[in-house]
Amino acid sequence: MLNPYKIIKVKITSIKQETDTIKLFKIKVARPIIFKAGQFFLLSYPGFGEGPFAPCSMPGEHKEI
């Protein structure tokens, strides 16, 4: 069983300002991350803090979230 608390390094490939309060972050992962609707990731960035984010991607697309 995979450890759900294991740290996974990712690369932010783009940031798009959707509205005044919403940003879209595209994240590239080194290995596929499989998730189900309703799950969330706790993302952190050194010097900025951490927060919960809801992932979304096209079915079958597991290398970019």
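Quick note on numbering: my numbering labels position 28 of the sequence shown as 61, and the sequence is numbered without any gaps. Think of the CB as a built atom: it goes at the ideal place given N, C-alpha and C, for glycine as much as any other residue. The structure presented is a predicted model; accordingly, all values stated were derived computationally and were not measured.
Check                                                                             : Outcome
Secondary structure at Q50, three-state DSSP: helix, strand or coil?              : strand
Straight-line CA distance for I41 to A63?                                         : 9 Å
Just how far apart, CA to CA, sit K49 and A87?                                    : 16 Å
From N36 to F58, what does the alpha carbon distance come to, in whole angstroms? : 24 Å
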